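Please read the structure below before turning to the comments.
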Amino acid sequence: MINKGTVVQIEKVILKCTERAENLPEDTKKVPLKMRVKGKLLLDSNLDAFVKIITQTNRIEEGYLIMKEPYFEHSYGLYVKVLEKVKEIILFENEEIL
2 MINKGTVVQI
12 EKVILKCTER
22 AENLPEDTKK
32 VPLKMRVKGK
42 LLLDSNLDAF
52 VKIITQTNRI
62 EEGYLIMKEP
72 YFEHSYGLYV
82 KVLEKVKEII
92 LFENEEIL
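When the letters of the sequence shown are read in order and numbered with our numbering, they come out as residues 2 to 99.
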């Protein structure tokens with residue numbers, strides 16, 4: 002059970018496959034256009050339930066509850082040594098301007 006007021010993420014279908022534009026690539030046309038939104042749960046609920054949330058901009062959105070207390074899963078990748086040299090060049094060039 003996820004309590005009312007908990008920050009969650011929902012997912013809802015914006016366009017079904019049949020409603021998508023004709024000029025899209027074939028592999029894109031085969032999947033629906035979905036939206037994910039974060040907000041606070043308006044009623045106690047469970048994962049995968051159809052729920053309503055309120056966003057930080059006070060919009061009411063509804064969709065299927067996919068995550069409790071969502072977090073970022075991406076990164077900027079591994080360290081790239083050559084970028085250190087690029088940084089030094091940029092800093093040096095800026096010193097000449099200032």
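Even glycine gets a Cβ: it sits at the ideal position worked out from N, Cα and C.
As the structure is a prediction and not an experimental result, all values here were calculated from the model.
Indicate the three-state DSSP secondary structure (helix, strand or coil) for residue i in the structure shown.
i	result
residue 88	helix
residue 20	helix
residue 82	coil
residue 30	helix
residue 96	helix
residue 70	coil
Would you list the residues sitting across from residue i in a DSSP beta bridge?
i	result
residue 54	42 and 62
residue 2	In the DSSP output, where bridge partners are listed per residue, residue 2 has none listed.
residue 11	38 and 66
Out of the options, which has the shortest C-alpha to C-alpha gap to residue i?
i	options	result
residue 73	42, 94, 45 and 9	9
residue 61	3, 42 and 46	42
residue 68	78, 52, 53 and 48	48
residue 32	51, 17, 5 and 86	17
Would you be able to state if there are at least three C-beta pairs under 8 Å between the segment 32-40 and the segment 3-13?
yes
Contact between the segment 20-28 and the segment 40-60 (3+ Cβ pairs under 8 Å):
no
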